[in-house]
Every structure is written in C-alpha cells, then in structure tokens.
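Working notes for the structure below.
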Amino acid sequence: MTPRRLLPHRNPGRREAVDEEIRHHLAEAADRLIDEGWDPDEARAEAERRFGAVERVRDEMLAHRDDDGRMTMETVRALAQDVRLTLRALRRRPVFTWTLVLTLAVGIGAAGAIFSMIDAVLLRPLPYDDPDRIVEVGVVLPDERNYVMPFLMRDQVEEWMGGADFLSEVAVHEQMSVVRTDGPEPEQLSAHAVGPSLDDVLGVQPALGRAFTAADGRPGERVVMLSHRYWVRTGSAPDIVGQTIRLDEEPWTVIGVLPRGFKYPVTSRAELWIPVADDYTVAGRAQTQLNVMGRLAPGLTLEAAQGRADALGEGLTAEQPHEIGWMTRLQTVGHWRGNPDTVRGLWTAFGAVVGMLLIAMVNGANLQLVRGEDRRGEVGVRMALGASRGRVLRHMLVESVVLSLLAGLAATGLAWLFVEGLRAIAPRELTFGMVHDFGIESRALLAVFAVALSSGLAVGLLPALRTARAGGAQDVAGRRLTDRSTQRLRSLLVVGEVALSVVLLVGAGLFMRSFAAIARVEIGMDSERIAAVGLSLPSSRYESAADRAAFTGQLTERLSALPGAVGVTFAQGLPPQGGGISFNLELEAEGGESRPIDDLVNFNTVPPGFIAVLGTRLHEGRGLQPGDRESGGVVIDRDLARLIFDEDRVVGRRFRFDPEDDWSTVVGVVEELKLGGLDDPMGSAAVLYPMDPNAPSAFLSFAVRTDGDPATLLPLMRQVVHDLDPTLPLRTLQTGEELVAEGLVRPRFLVLLIGVLAATSLLLAVVGLFGVVSYTVARGRREMGIRMALGASSARVRGGVLRWGLGVTVIGVALGLGAATLVDDLAASLLYGVAPGDPITTVGVAVTMVAAALLACWLPAARATRVDPAEVLRPE
Numbered sequence: 056m057t058p059r060r061l062l063p064h065r066n067p068g069r070r071e072a073v074d075e076e077i078r079h080h081l082a083e084a085a086d087r088l089i090d091e092g093w094d095p096d097e098a099r100a101e102a103e104r105r106f107g108a109v110e111r112v113r114d115e116m117l118a119h120r121d122d123d124g125r126m127t128m129e130t131v132r133a134l135a136q137d138v139r140l141t142l143r144a145l146r147r148r149p150v151f152t153w154t155l156v157l158t159l160a161v162g163i164g165a166a167g168a169i170f171s172m173i174d175a176v177l178l179r180p181l182p183y184d185d186p187d188r189i190v191e192v193g194v195v196l197p198d199e200r201n202y203v204m205p206f207l208m209r210d211q212v213e214e215w216m217g218g219a220d221f222l223s224e225v226a227v228h229e230q231m232s233v234v235r236t237d238g239p240e241p242e243q244l245s246a247h248a249v250g251p252s253l254d255d256v257l258g259v260q261p262a263l264g265r266a267f268t269a270a271d272g273r274p275g276e277r278v279v280m281l282s283h284r285y286w287v288r289t290g291s292a293p294d295i296v297g298q299t300i301r302l303d304e305e306p307w308t309v310i311g312v313l314p315r316g317f318k319y320p321v322t323s324r325a326e327l328w329i330p331v332a333d334d335y336t337v338a339g340r341a342q343t344q345l346n347v348m349g350r351l352a353p354g355l356t357l358e359a360a361q362g363r364a365d366a367l368g369e370g371l372t373a374e375q376p377h378e379i380g381w382m383t384r385l386q387t388v389g390h391w392r393g394n395p396d397t398v399r400g401l402w403t404a405f406g407a408v409v410g411m412l413l414i415a416m417v418n419g420a421n422l423q424l425v426r427g428e429d430r431r432g433e434v435g436v437r438m439a440l441g442a443s444r445g446r447v448l449r450h451m452l453v454e455s456v457v458l459s460l461l462a463g464l465a466a467t468g469l470a471w472l473f474v475e476g477l478r479a480i481a482p483r484e485l486t487f488g489m490v491h492d493f494g495i496e497s498r499a500l501l502a503v504f505a506v507a508l509s510s511g512l513a514v515g516l517l518p519a520l521r522t523a524r525a526g527g528a529q530d531v532a533g534r535r536l537t538d539r540s541t542q543r544l545r546s547l548l549v550v551g552e553v554a555l556s557v558v559l560l561v562g563a564g565l566f567m568r569s570f571a572a573i574a575r576v577e578i579g580m581d582s583e584r585i586a587a588v589g590l591s592l593p594s595s596r597y598e599s600a601a602d603r604a605a606f607t608g609q610l611t612e613r614l615s616a617l618p619g620a621v622g623v624t625f626a627q628g629l630p631p632q633g634g635g636i637s638f639n640l641e642l643e644a645e646g647g648e649s650r651p652i653d654d655l656v657n658f659n660t661v662p663p664g665f666i667a668v669l670g671t672r673l674h675e676g677r678g679l680q681p682g683d684r685e686s687g688g689v690v691i692d693r694d695l696a697r698l699i700f701d702e703d704r705v706v707g708r709r710f711r712f713d714p715e716d717d718w719s720t721v722v723g724v725v726e727e728l729k730l731g732g733l734d735d736p737m738g739s740a741a742v743l744y745p746m747d748p749n750a751p752s753a754f755l756s757f758a759v760r761t762d763g764d765p766a767t768l769l770p771l772m773r774q775v776v777h778d779l780d781p782t783l784p785l786r787t788l789q790t791g792e793e794l795v796a797e798g799l800v801r802p803r804f805l806v807l808l809i810g811v812l813a814a815t816s817l818l819l820a821v822v823g824l825f826g827v828v829s830y831t832v833a834r835g836r837r838e839m840g841i842r843m844a845l846g847a848s849s850a851r852v853r854g855g856v857l858r859w860g861l862g863v864t865v866i867g868v869a870l871g872l873g874a875a876t877l878v879d880d881l882a883a884s885l886l887y888g889v890a891p892g893d894p895i896t897t898v899g900v901a902v903t904m905v906a907a908a909l910l911a912c913w914l915p916a917a918r919a920t921r922v923d924p925a926e927v928l929r930p931e
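Residue numbers (the numbering used here): 56 to 931.
Have a look at this one:
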C-alpha cells in the first residue's frame, strides 16, 4: 500500500472534508438535472454516473493536499498554468487589456497621489522619538473663552519650568529671522532659536557634526546648525562642519546639519538652528516670549499631567499673579497639522478621488461583464471537457490579479506624474504644516498596489461568478442565450457612475463659481497701478525706533523720486492680506453696552495718505491725517461699521474693543478693505490706526503708485533699497496684481484639483455609457433586424436606443443631484459667494451630463439604424 493510500487514515479530518466536497458536488449536479426535468432518483444516479468512481476521485483529491494543509506542487503548477493562459489571452485581446488597465490605473494613480499628500500632512508619524509623549505648553487666557496663547512670557518661564515635575525633560525655543550677508546677495533666513535640551526631548541626532550644548549659548559663542534642506540648497558640502557663515554681519560657526526630513515645530520653515542661552537670550538679545515644550514623565498620562499643570497654575496664581495668568494647556506635539480649511480641503479632494476611483471600477466591471458574455462559449466548452466551476472561477480570479498588478504598475507611473502636478500648484497653506515631503515613497506604493489588488478583485469577482455560473448557457446553434439580469446589472452600474459623476461635477461647479467670486472681490487697492517691496529691518542694525524712522523717511523720499511714481506709502502689510488680527474682543459702541464677539477684526497701522496712494474708495468721511493719532481718529470699513453700529454712516461716532481701552473716533469709512485674505479666512472687518511716525515697525511693506506699468519700477526699487543698505535683503518684490494672485493660490488649487477629477470622472462615465450602449446595440442586432424587417423605421430604432441611454442617464442625474445636496454641505466652509444647492450650478451640471450622454449614445444609435435585416436573418 502506498503512502498516498495511507494518507486518509493519517488525516481523518481531511478525508471528511474531501467527502463533504464530493457530496456537495454530486448534490449540485443532481439539482441541475432535476431543474431540467429529471426524476430526483434518476437525477442522483445520473450525477454519480457522470462523476465517475468516487474512490478514485477521492484519492486524487487527497493526493493534492499534504499533511500540513499547504498547496502541493500540482496546485502551484496549476496556478502557473493559469497565469500563462491569462497572459496569452490578454495578449490576444490588447484593446480590452489596455482599456481595463488604463481605466483602473487612472483612478488608482490619482488616489495614490492624493493619499501621499494626505499622508504627508496628516497621517504619517512625526519624525520624533515617541511623539505622543511630547507636549507643547500654552497659556490659557483668564476669560470665559479659554483662548490658548502658544507661549509663555519671559518672566514666567523659569518659575513655571521649575515647578513642572510632570515633565521629565523641558526645553524652550522661539522663531526668529536673520540675514546672511556673506553671499552674492543678502538673504533673509528663518531661524529657530532652541535650548540645548530640545534635541534630547525630540530624540533627534544630527546627520553631520554635533548638537548644541549648554555652553553654546554663552556670550561670545556663535554656533549654528543647518537644516538638511538648506544644506542641500547651498551645495551639500561634506566638510561644512567647522566652516564660518556671516549672519547679521557676525561670524557664526557651523557645528552640525540636522537629519533629512526633520522639522520642528510642524509649522516651522527654519533653515537654521541657533542656541538659546541659560538666561534665555539669543546672541545676547533678550526675548519677550518663549515657546516651552517637554516630554511627559514616565508612567504619566496626558490627562494626569494636565491635572498637575492646573495645580501648578493655581499655586503660582495665588503666589504671584500675572497679567496673562498661569493656567496652561498641554497639547501633544502633533495636535496641529494643518488649519481646518486645509484639512477639510484635503478630505474633500480625497472624497472626490474615491468617487473617481469608483467610477473607474464601475467601468472595469462593465468591461469584465461584456467579456464574460463573450466567454460563455469558452467556459461552456471547458466545463463540458470536465473543468469544474471552481477551476474556471480560479482561472478568472487569477486573471483579475494579473490585471490588478498591471494596473498597479501603470498607476505608479501616473501617480508620480500626478504628484509632480500637485507640487506645482500646492498652496503655502498646504505645505506650511507639512512635516514630510509628499511623493511616491514606500507607504504610497503600498497603498497604490493594495488599492490596485482590491479594486481589480472587486471588478473581476462578480463577472467571474456570473460567467462561471452561467457557463455553457448556449442554444443548440451556439448562440448565446439572452441574460436580462446581466443587462439590468450593466444598466445599474451606468446609473451609479453617472450619479457619482454628477456629485463630482456639482462640487467642481461650486468651487469654480466660488473662485470666480473671489477673483471679483474688491480689495481696497488699485492693484493695476501698484508696485510693492517688503522689508524686514534687522534689529542688529536698526535697533532703535529712530534708526527705523530715519531709514523709512529716506526710502520714502527716494521711491517718490522714481520715474512715473505718483505716490508712496508703507505699512506692516498691504491688501489683500497684511497687518494684524484682533480677537477675544469686548466690543462697545459709545452709548451702548459692551458685548463679547467671536469675530476677528483685521487692523493695520498706516501713515497719512495711505488710502489715497492705494486708491481705496471712501464711502464716507476722509482718510487719516497727522493729528488723528492724538485724537484717536481711525478709518474703518463698512463691514466693521455694521458690526459695531448696525449701519455704515457712522463718521464722528466712537467705539472701543475693550472697556479699558481709550475711545476711537471714526473719521472715515471705506467701501472695501481686505486685510484678512480675499475670501475672508480671518474675517472681513478692518480698521486702520494712525502710525507713530517716530516709531515705525521693523516689518514693512512699501507701495509705490505709478502712472505706467508697475513692473518697470521693480528693478528700480531693488536698486534704491540696495543703495540705501547693501546688506538688506528684500522680503518680497512684486506688482499689485501679483499680490492679489497670491491670494488666489488656495482656491485655484481646489478648483484645479476637483475640476480635473470631475472632468476625468465625466469622461469615464461617458466612455462607460458609450461602451454599454454599443454592446447593447451589438447584442440586439438580430432583434433590430427583425423589427426593421417588420416595418420599423430607422428613426424609431434610433429613438429606442437613445431613450434607453438617456433614461439611465436621467435616473443617474436625479440620484446624483440628491446625493450632492448632502455631500456638498461638507465643503460649504470652503466656498465663497456661493452656497450648496446653487441653482445655476445644478442646472449647468444636469444639462452637461445629459448632453454628454446624448453624444455618447448617438454613434451607437446611428449604427443601429444601419442594420441590414437580410444579413442579420440569413443564419436563421
């Protein structure tokens, strides 16, 4: 007796499983014969006769299974044979193969690109040691709104850190800027001043050189670390450690390079790290406020640490009250990884790309259903020759896996192209909080192939099941029997992809109308006649207000002398986004009661003539004049006038933002003044305060109004600044139109992204509809030939095809518009000047979808009218 014959006795459980499988197969075969009209007893006997010797089949099945339950070499060879057959079959049908592969690849590639962006911004772990135990400390302002300031004042740091026993390690840091002066041009650089223990808290080690020590911050010691990105940008010198660079005209020694991809905090753009001394000074300069962060003590949860921080704050408040209070909030280092609009925009894009992927999968399923219909004869022959349904199904699933892998390879290339496109149009708001670069790296590749495999199997499974179940369903002459359930399924799939396309088109339409509304916004500046230059005056050379005032006066005088200049002004920022933001306000109009408001109010301090130079339109009153600073005169816009007084004719009336403030008197009201962004992300209300001419800010933007092309002034303005101070870098140098264009970057990004996804989805839906209608016409040629032979006109046949195609389209449009009213509400906060349910968008999308469907159906419908009844009926 051979070992194979003993196998069932060694594995009685496996023999029972095989016997059960045989019984199930015989029962299925008998049921089919009974359905054909056989007597039940005769059907079971016939099924056993057709099956053959049960003992022989049982031994053969057991021989294909080893003792460990693993596939035998026979099974592996069978799978290899399936792969070879699949590749041979796909080569014979290149149009089908590449149509399906590219259809899926477009959806998968786009999904991979969007995932890589979301992963970099929101999902990928931060590059710190155990980031969930690193916390940042902010002061909770002592009022009912619990606003958190993300820093401590300098005179709070030492006392608070001394009592913070719930943190095992504590460090301070602060953002600042410096000017590098040893290059061909002065360069403004962002620097991060850090305490010596910060690298220990974060668990980071330099890629080159060493980290800071406590001695590095002492007076006279000037050492610096470079970010990896800045080191690469400046040449990637391998011997950079020990070299000297000049910052603010002082020599600094490079002691190290930070590791690739490292960024702290998440919003930092720092090119340099410089040390904070033990007395919390930086290069001998005192700091007014400092950021504090630390690592939770071992075994302590965030909630427990917060409780001890509250107790510390209460004790310090009782011992030594402080104007901003001692109550603090501990938040994990990754609590902020993007502003709410950015996060909402990313998930909106993700939802759109998932919709497009579903449409691609529906198209793929329809292609597989069509091919399954064509393969019924092939499957019938294979089953007649003895292949089981399971064997046929396995072959079809292997085919789906092969197609999935091909789609994954194509999707990888497309995803790389999509990522490059996203990088080219990504707004600063997106990259601002991005710790990691986004691209097609390991996580994105894994996502691409996981989606490719799952979508390929999902697309192929249902058609494979239907084809295997219906294999051999042919009449005697070899013609396929009509399968109305398959036709209904294809129709439902078309309805689904039309509905999804409509949802995406409605979203794209709303974003396009929102973008158009933003582009029409009046910003309070005649941008076509403005040239602007932005400067940051370093404290090392412009330490006193008198120094800054002298420079400002000289620069204004020289800019005024430029050819074509008709006016010069300056401020901390220019429209559409410049100045500061007031919040946590207790608004009070004279004669009324004070009331807290949640609105943000944008402000700017400006010299006399600011409104006239910018071309801001006055609604009432006048612009600021020299005496307004002493009298409390201000200029407000109509939005703030309505917020304070519920009307916009308010010249001469007084208000204040806090009961302890002095009264401000309205001397003028302007029509529009955008200081918080084109689409008002920081609120629409604005106020202009008179600037102290003897103490201008170190952070200034100069605007020159010209009677010609402002672009011609830009090189002259650069030269003027260089002549006054050759070491002073330009922060910005641009025309007013370029200033406005910066404000359109984020809405343009969403319009382009959602628009491209929606347009691609529309194309896929139209192609899918065209394919289904074409296949329906091809399958119905015999029926159409009979109808035309019986007298049906070409117009009637064509109308029948169009009615079917337009019918499924109208149903899909109706379902899509209904779904859009629910989905688009999620993106309402990203819109400006338009709301979900906008009738123009709704009607436009419906008309576009129906017109596209009519175009997709017209060619197959026209082909249906060219059916020759004699040719079709000749085989009969």
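Even glycine gets a Cβ: it sits at the ideal position worked out from N, Cα and C.
- The region 231 to 241 makes no contact with the region 366 to 379: fewer than 3 CB pairs, one atom from each, lie closer than 8 Å.
- The continuous alpha helix (DSSP H) containing T486 extends over residues 483 to 487.
- With fewer than three CB-CB distances shorter than 8 Å, the region 554 to 563 does not count as touching the region 389 to 396.
- Rounded to whole angstroms, the separation of the alpha carbons of L385 and A359 is 11 Å.
- The C-alpha of M348 is placed about 27 Å away from the C-alpha of M737.
- From the listed residues P518, V456, R340, the smallest Cα separation to R596 is found for R340.
- When DSSP reads this structure, Y744 sits in a beta bridge with T660.
- Look at the beta carbons and you see the region 483 to 501 touching the region 166 to 185: at least three pairs across the two are nearer than 8 Å.
- Counting only unbroken stretches of 3 or more residues, the beta strand (DSSP E) elements lying wholly within the region 234 to 264 are 242 to 249, in sequence order.
- The beta carbons of S282 and A325 sit about 6 Å from each other, so the pair counts as a contact at 8 Å.
- Taking a cut-off of 8 Å on C-beta distances, the region 784 to 799 does not touch the region 245 to 264, as fewer than three cross pairs fall below it.
- Minimum Cα-Cα distance from A587 among the listed residues F570, L155, V447, P631 corresponds to P631.
- Annotation for A366: the continuous alpha helix (DSSP H) segment containing it runs 357 to 374.
- According to DSSP, W307 shares a beta bridge with I300.
- The straight-line gap separating the alpha-carbon atoms of G264 and V287 is approximately 15 Å.
- Along the length of the region 860 to 928, whole beta strand (DSSP E) runs at least 3 residues long do not occur.
- Counting along the chain, F757 sits inside the beta strand (DSSP E) bounded by residues 754 to 761.
- Within its own chain, the residues whose Cβ lies closer than 7 Å to the Cβ of S232, once the five positions on either side in sequence are excluded, are Q243, L244, S245, A246, S591, listed in chain order.
- Only residues of its own chain outside the window of five on either side were considered, and among them R584, A586, G619, A620, V621, L768 have a CB closer than 7 Å to the CB of T761, listed in chain order.
- DSSP places F151 in the uninterrupted alpha helix (DSSP H) bounded by 149 to 173.
- For S459, the secondary structure class from DSSP, reduced to helix, strand or coil, is helix.
- Annotation for V795: the continuous alpha helix (DSSP H) segment containing it runs 791 to 798.
- DSSP places A341 in the strand class (E or B) of the three-state scheme.
- Here the region 214 to 225 lies against the region 364 to 371, with 3 or more beta-carbon pairs under 8 Å apart.
- Distance from P149 to F317 at the Cβ level is roughly 48 Å; contact not present, criterion being Cβ atoms closer than 8 Å.
- Following the DSSP letters along the chain, one finds L673 inside the beta strand (DSSP E) bounded by residues 673 to 676.
- Contact check for T467 and L500: beta-carbon distance about 7 Å, within the 8 Å limit, so the pair qualifies.
- Fewer than three beta-carbon pairs drawn from the region 573 to 581 and the region 815 to 830 are found closer than 8 Å, and the two stretches are therefore not classed as touching.
- Where S591 is concerned, the enclosing beta strand (DSSP E) starts and stops at 585 to 591.
- Judged by their CB atoms, P748 and L679 are not nearer to each other than the 7 Å cut-off.
- Classified as exposed, P180 has fewer than 16 neighbouring CB atoms from the shown chains inside 10 Å of its CB.
- Judged by beta-carbon spacing, A98 lies within the 7 Å limit of I89, meaning their Cβ atoms are closer than that value.
- A contact between stretches requires three or more CB pairs, one per stretch, nearer than 8 Å, and the region 203 to 222 fails this requirement with the region 304 to 311.
- Residue range 600 to 615 is occupied by the alpha helix (DSSP H) that includes T607, with no beta strand (DSSP E) assigned at that position.
- Excluding sequence positions up to five before and after G647, its CB lies less than 7 Å from no other CB in the same chain.
- Here the C-alpha atom of V898 lies approximately 55 Å from the C-alpha atom of T607.
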